[in-house]
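J.: Next up is a structure, given as structure tokens.
Numbering (this note's numbering), first residue to last: 7 to 217.
Below is the structure:
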């Protein structure tokens with residue numbers, strides 16, 4: 007199955023990902039997609055896939071009738087991605103983790119891709135146990151965020167998690183440690199540019215509206 011056939015199959019399985027709009031309608035007619043790819047010498051459709059992502063190159067139609075390619079990255083499991091704000095004895099817990107895409111370390115709240123067969127809350131509990139070695143005694147959902155609507159076709163749910171015990175030192179998935187900050191310190195770290203992760207900044211904004 008080639009990249010365009012895979013793309014059309016995905017459009018049938020997940021029509022919500024291929025919603026049409028007046029602004030930039032998608033071209034979903036096979037002949038037109040193949041003609042575009044042949045004329046431009048470009049790969050169209052699902053051009054790469056991994057255990058976590060699809061890299062999709064759509065063909066969209068501009069208002070003047072011309073067509074052009076537009077990229078987007080989709081999570082393989084579209085629902086259930088999470089960001090967890092762990093809270094223990096007055097302090098918020100952030101991981102220090104190496105991020106390959108940036109080639110540097112970042113501080114940020116735990117987060118994870120969605121997984122088949124479990125809810126977002128169940129996934130949040132799973133990620134918390136894997137990355138901090140603890141369970142939460144209280145959970146509070148804070149709503150959804152869209153981390154990068156320019157390239158990512160996905161959203162994540164944010165949960166505030168009050169921990170039942172102190173977090174453990176877990177070293178996996180490039181996690182090298184964690185730090186506990188009170189609310190004032192957390193704000194100072196953000197102000198001083200020590201925390202730049204977009205998921206964490208969005209979660210901080212959500213939590214601040216609860217105070």
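No residue lacks a Cβ here, since even glycine has one placed at the ideal position from N, Cα and C.
According to DSSP, simplified to helix, strand and coil, what is residue 102?
T.: Along the chain shown, read from residue 1 onward, the residue named residue 102 stands at position 96. Three-state result, residue 102: strand.
J.: Find the nearest neighbour of residue 174 within the set 61, 52, 100, 189, judged by alpha-carbon distance.
T.: For the purposes of this step, residue 174 is taken as the residue at position 168 of the chain shown. The candidate whose alpha carbon is nearest that of residue 174 is 100.
J.: Exposed or buried, what is residue 212 when buried is set at 16 or more other beta-carbons lying within 10 Å of its beta-carbon?
T.: As a working mapping, residue 212 is identified with position 206 in the chain shown. Buried, by the Cβ-count rule.
J.: Indicate whether residue 114 and residue 201 have their beta-carbon atoms separated by less than 8 Å.
T.: Within the chain shown, residue 114 is the residue found at index 108, counting from 1. Within the chain shown, residue 201 is the residue found at index 195, counting from 1. Contact flag set, yes.
J.: Are there three or more Cβ pairs, one per stretch, closer than 8 Å when the region 55-68 is compared with the region 21-36?
T.: Result yes; three or more Cβ-Cβ pairs closer than 8 Å.
J.: If we count Cβ pairs, one from each stretch, closer than 8 Å, do we get three or more for the region 81-92 versus the region 103-123?
T.: These segments touch.
J.: For the beta strand (DSSP E) containing residue 186, name the first residue and the last one.
T.: As a first step, residue 186 is located in the chain shown; it is residue number 180 there, counting from the start. Element bounds for residue 186: 181-187.
J.: How close, in whole Å, do the beta carbons of residue 182 and residue 102 come, if the pair is a contact with beta carbons under 8 Å?
T.: As a position in the chain shown, residue 182 is number 176, starting the count at 1. As a position in the chain shown, residue 102 is number 96, starting the count at 1. That pair is a contact at about 5 Å.
J.: State the CB to CB distance for the pair residue 96 and residue 129, rounded to an integer number of angstroms; the pair is presumed to be in contact (CB under 8 Å).
T.: The residue you call residue 96 lines up with position 90 of the chain shown. The residue you call residue 129 lines up with position 123 of the chain shown. Not quite, the Cβ-Cβ distance comes to about 26 Å (not below 8 Å), so this is no contact.
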